[in-house]
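Residue numbers (our numbering): 231 to 650.
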């Protein structure tokens with residue numbers, strides 16, 4: 231059956247703080263050399279789906295440059311291929327930015343009708359997982375479903391982050407609650423992966439009215455369809471992570487250094503390659519004093535200090551005497567002699583001066599004063615292009631905005647929980 235994949239890639243990723251200042255969440259680097267969206271794009275081509283639309287909106291430039299014509303994923307095709315779709319002003323003068331996931335797809339109905347697929351699979355471009363979509367598509371057809379939702383069990387304390395559903399013994403969905411506050415709705419969560427019969431998708435999205443708009447799949451479309459259509463759940467038991475928070479992004483990157491995670495998310499699996507746009511970089515170089523323990527080091531890095539349980543993207547320079555510990559360091563960051571970076575996420579093109587200690591103190595619980603709900607686990611985050619002077623002591627849960635210069639730092643100490 232002809233299948234069209236639609237990737238939702240317009241999210242701002244505000245919970246990632248300064249990491250999404252200049253890029254959409256799917257374009258945030260991950261695991262050294264990749265972008266987050268690489269995993270979903272690779273799942274598509276590895277599943278034999280070569281007709282892919284990527285719906286962008288928030289700061290799409292980095293994402294557009296990364297995907298291009300889709301050559302790294304074998305999507306540079308005359309038939310099918312990758313299509314970057316951004317909001318545009320059509321004949322309807324009231325058209326505006328996408329208001330939600332369903333609204334984004336609705337604004338592209340003309341494109342869907344032109345492609346004329348039998349099935350449409352809707353995917354999120356900001357999750358880390360490996361999944362063969364062919365199994366879900368076959369399941370959808372076997373069930374005679376109008377809509378199939380991929381689901382997995384999540385911890386009870388995280389249910390308010392997901393759409394939670396109840397199913398009968400045949401896996402037909404009987405109830406759906408979008409991000410419920412109560413903890414009594416179960417733990418079966420939507421993964422944001424939907425397979426629709428094309429005619430059903432078009433009819434349901436077109437049925438929206440001013441009084442009952444079809445803006446979001448979780449809030450509007452799925453709850454309405456449960457009562458009138460055949461809606462089934464497809465259980466997925468593989469590795470899947472939403473890296474939408476600072477804590478989960480940091481944890482998931484560092485977990486790649488653990489044998490257990492490396493086995494279930496094997497980046498070296500020749501049968502399920504994660505494709506990306508690779509940069510032309512020289513090999514990694516280790517100096518005579520270099521020490522690297524349980525870390526991922528990308529091409530173009532120069533390590534002359536010590537790196538422990540960390541992830542370094544291409545072009546990172548670690549000076550002699552510097553220590554990088556339990557941190558994620560993104561492209562072309564320079565870490566000066568004798569500097570210490572502990573439990574931090576450093577965006578690209580940052581300079582950390584000699585002797586600076588970034589991530590100081592034993593108390594990880596002093597939350598950031600401006601963003602207490604986002605920075606409260608001891609992780610210090612530095613935005614791209616920041617220039618941090620030497621000799622500073624910077625505490626935990628500190629937020630340093632993009633493009634800060636040395637004159638933005640007052641004194642020799644930035645206390646835990648502060649923002650620069």
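Glycine included, every Cβ here is placed at the ideal spot set by N, Cα and C. Quick caveat: nothing in here was measured; it's all calculated off a predicted structure.
Inter-residue CB distance, residue i and residue j (contact presumed, cutoff 8 Å)
{"i": "residue 609", "j": "residue 476", "result": "6 Å"}
{"i": "residue 622", "j": "residue 586", "result": "5 Å"}
{"i": "residue 284", "j": "residue 355", "result": "7 Å"}
{"i": "residue 522", "j": "residue 574", "result": "The pair is not a contact, with the Cβ atoms about 17 Å apart (cut-off 8 Å)."}
{"i": "residue 514", "j": "residue 524", "result": "Not confirmed; about 15 Å, so no contact."}
{"i": "residue 626", "j": "residue 583", "result": "With a Cβ gap of about 19 Å, residue 626 and residue 583 do not count as contacting."}
{"i": "residue 461", "j": "residue 366", "result": "About 14 Å; that fails the 8 Å criterion."}
{"i": "residue 473", "j": "residue 419", "result": "Wrong, their Cβ atoms sit about 16 Å apart, outside the cutoff."}
{"i": "residue 248", "j": "residue 508", "result": "With a Cβ gap of about 26 Å, residue 248 and residue 508 do not count as contacting."}
Beta carbon of residue i nearer than 8 Å to that of residue j
{"i": "residue 674", "j": "residue 554", "result": "The requested residue 674 is not part of the displayed model; the chain covers only 231 to 650."}
{"i": "residue 432", "j": "residue 342", "result": "yes"}
{"i": "residue 417", "j": "residue 396", "result": "no"}
{"i": "residue 594", "j": "residue 629", "result": "no"}
{"i": "residue 471", "j": "residue 363", "result": "no"}
{"i": "residue 267", "j": "residue 256", "result": "yes"}
{"i": "residue 469", "j": "residue 497", "result": "no"}
{"i": "residue 459", "j": "residue 377", "result": "yes"}
{"i": "residue 302", "j": "residue 506", "result": "yes"}
{"i": "residue 289", "j": "residue 265", "result": "no"}
{"i": "residue 517", "j": "residue 550", "result": "yes"}
{"i": "residue 357", "j": "residue 482", "result": "no"}
{"i": "residue 580", "j": "residue 614", "result": "yes"}
{"i": "residue 447", "j": "residue 332", "result": "yes"}
{"i": "residue 540", "j": "residue 559", "result": "yes"}
{"i": "residue 262", "j": "residue 254", "result": "no"}
{"i": "residue 380", "j": "residue 423", "result": "yes"}
{"i": "residue 511", "j": "residue 520", "result": "no"}
{"i": "residue 234", "j": "residue 373", "result": "no"}
{"i": "residue 293", "j": "residue 239", "result": "yes"}
{"i": "residue 600", "j": "residue 637", "result": "no"}
For residue i, the residue or residues it bridges with in DSSP
{"i": "residue 649", "result": "629"}
{"i": "residue 283", "result": "236 and 313"}
{"i": "residue 599", "result": "None; residue 599 has no bridge partner."}
Nearest residue (CA-CA) to residue i, options the options
{"i": "residue 349", "options": "601, 498 and 281", "result": "281"}
{"i": "residue 569", "options": "539, 618, 578 and 601", "result": "618"}
{"i": "residue 602", "options": "582, 624, 625 and 647", "result": "647"}
{"i": "residue 375", "options": "408, 645, 402 and 435", "result": "402"}
{"i": "residue 437", "options": "336, 307 and 560", "result": "336"}
{"i": "residue 465", "options": "421, 536, 440 and 561", "result": "421"}
{"i": "residue 557", "options": "542, 504 and 551", "result": "542"}
{"i": "residue 463", "options": "581, 501, 371 and 577", "result": "371"}
{"i": "residue 634", "options": "576, 361 and 534", "result": "576"}
{"i": "residue 598", "options": "624, 616, 620 and 578", "result": "624"}
{"i": "residue 544", "options": "536, 552, 537 and 531", "result": "531"}
Per-residue burial, residue i [other beta carbons within 10 Å of its own, 16 or more giving buried]
{"i": "residue 339", "result": "exposed"}
{"i": "residue 243", "result": "buried"}
{"i": "residue 526", "result": "buried"}
{"i": "residue 231", "result": "exposed"}
{"i": "residue 296", "result": "buried"}
{"i": "residue 321", "result": "Low confidence applies here, because residue 321 scores a pLDDT of 48, under 50, leaving its location unreliable; read the following figure in that light. Classification of residue 321: exposed, given that the 10 Å Cβ count is below 16."}
{"i": "residue 411", "result": "exposed"}
{"i": "residue 409", "result": "exposed"}
{"i": "residue 467", "result": "exposed"}
{"i": "residue 442", "result": "exposed"}
{"i": "residue 323", "result": "Its pLDDT being 45, under 50, residue 323 is placed unreliably in this model, and the value from its coordinates should be taken loosely. Exposed, because fewer than 16 other Cβ atoms sit within 10 Å of the Cβ of residue 323."}
{"i": "residue 394", "result": "buried"}
{"i": "residue 315", "result": "buried"}
{"i": "residue 439", "result": "exposed"}
{"i": "residue 246", "result": "buried"}
Interface flag, residue i vs chain C, CB-CB below 8 Å
{"i": "residue 530", "result": "Here there is only one protein chain, and chain C is not present."}
The ligand FAD heavy atom lying under 7 Å from the CB of residue i
{"i": "residue 476", "result": "The ligand FAD is not among the ligands present in this structure, which contains no ligands whatsoever."}
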